[in-house]
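Only one structure is covered here, and it is reproduced in the block below.
Residue numbers (our numbering): 1 to 303.
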């Protein structure tokens with residue numbers, strides 16, 4: 001017997017998208033809509049504002065390069081790569097998915113997922129809220145490039161594009177532009193969008209299968225980043241969460257505790273980005289999307 005290879009990952013992609021979207025909602029409800037969550041968010045934000053001014057300025061300048069023009073150029077480049085690879089529909093769809101990540105995030109932030117102010121930190125009310133637009137742009141483009149890449153190159157692309165995206169997700173916090181929940185929410189939302197886009201492509205067009213590849217070097221590098229980030233996050237979490245649970249006014253925390261909260265949030269965000277990248281690699285496997293009519297025969301594999 002044989003089965004269409006293009007249908008096999010669809011259910012898993014849609015389940016992953018549903019899980020990520022649900023986790024995004026849970027993050028919003030737990031961190032943004034509760035007092036303890038807001039104290040953590042604000043402590044991390046205050047901690048970022050106490051970091052080295054020179055480092056913060058560099059991050060602000062780095063983030064300043066992400067503009068509507070640069071984003072449009074990246075989307076055009078993604079589309080062009082699809083044409084060069086003779087995967088026109090793939091290039092267009094993933095570029096539109098990245099655009100939807102950015103536009104959807106902005107819409108949700110401004111009109112849907114509002115932030116009530118439950119704790120006495122009035123000075124923080126002017127800051128951007130859930131989710132982060134800059135993070136969504138970087139993460140959406142990184143995920144789009146992973147889906148667009150030939151199977152043999154996906155691991156390398158995931159590490160390189162992912163490194164840029166998790167740097168942006170961390171820098172929006174270091175620069176004091178966003179709270180940690182904003183960046184984490186953007187990562188989860190973008191993952192859900194790109195998984196749905198990939199599932200639709202699997203259903204709409206034939207796929208082919210590349211040569212067997214394990215992406216072992218990429219997995220090793222991503223594992224090192226993940227372990228390091230999560231280890232630092234846990235180390236700092238132990239030192240700050242108990243204090244936050246018994247402190248009504250985040251502004252009264254000392255510098256050390258605010259720094260712990262900041263380090264916890266940044267490293268947790270990086271670990272979540274890496275987790276999403278690995279999940280995407282596993283979900284896509286060695287399938288090459290939008291292979292065209294010539295892949296109709298290759299799109300079947302023995303059961």
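In this text, a Cβ means the ideal position worked out from N, Cα and C, and glycines have one as well.
- Bounds of the alpha helix (DSSP H) holding residue 81 are 68-84.
- Proximity to residue 108 across 44, 24, 274 peaks at 24, based on C-alpha coordinates.
- DSSP lists no beta-bridge partner residue for residue 28.
- In this structure, the CA atom of residue 261 is about 10 Å from the CA atom of residue 39.
- Per DSSP, residue 51 is not a residue of any alpha helix (DSSP H), being assigned neither H nor E.
- Residue state for residue 287 is assigned as strand, using DSSP reduced to three classes.
- With three or more CB-CB distances shorter than 8 Å, the segment 258-276 counts as touching the segment 38-57.
- Between residue 136 and residue 101 the beta-carbon gap is near 5 Å, inside 8 Å, which marks them as a contact.
- If you draw a straight line from the Cα of residue 270 to the Cα of residue 169, it is about 7 Å long.
- Boundaries of the alpha helix (DSSP H) around residue 187: 180-204.
- The residue among 273, 218, 185 with its C-alpha nearest the C-alpha of residue 21 is 185.
- Around the Cβ of residue 52, a 10 Å sphere holds fewer than 16 other Cβ atoms; the residue is exposed.
- Note that the C-beta distance between residue 224 and residue 187 is not below 8 Å.
- Nearest Cα to residue 15 within the set 41, 273, 197, 217: 197.
- In this structure, DSSP gives residue 134 a helical state, which the three-state scheme calls helix.
- Judged by DSSP secondary structure, residue 175 falls outside any alpha helix (DSSP H); it is assigned neither H nor E.
- A residue is called buried when at least 16 other Cβ atoms come within 10 angstroms of its Cβ; residue 110 does not meet this threshold and is exposed.
- Excluding the 5 residues flanking it on each side, residue 171 has same chain C-beta neighbours closer than 7 Å at 59, 62, 63, in chain order.
- With respect to the C-alpha of residue 142, the residue from 11, 230, 194 having the closest C-alpha is 194.
- Assignment of residue 107 by DSSP, reduced to helix, strand and coil, places it in the helix class.
- A Cβ-Cβ contact shorter than 8 Å links residue 174 with residue 55.
- For a cut-off of 8 Å, the C-beta gap from residue 119 to residue 236 is around 20 Å, too long to register as a contact.
- The alpha-carbon of residue 131 is positioned some 11 Å away from that of residue 112.
- Taking C-beta atoms as the reference points, residue 151 and residue 286 count as a pair closer than 8 Å.
- Excluding sequence positions up to five before and after residue 37, its CB lies within less than 6 Å of the CB of 30, 31, all in the same chain and listed in chain order.
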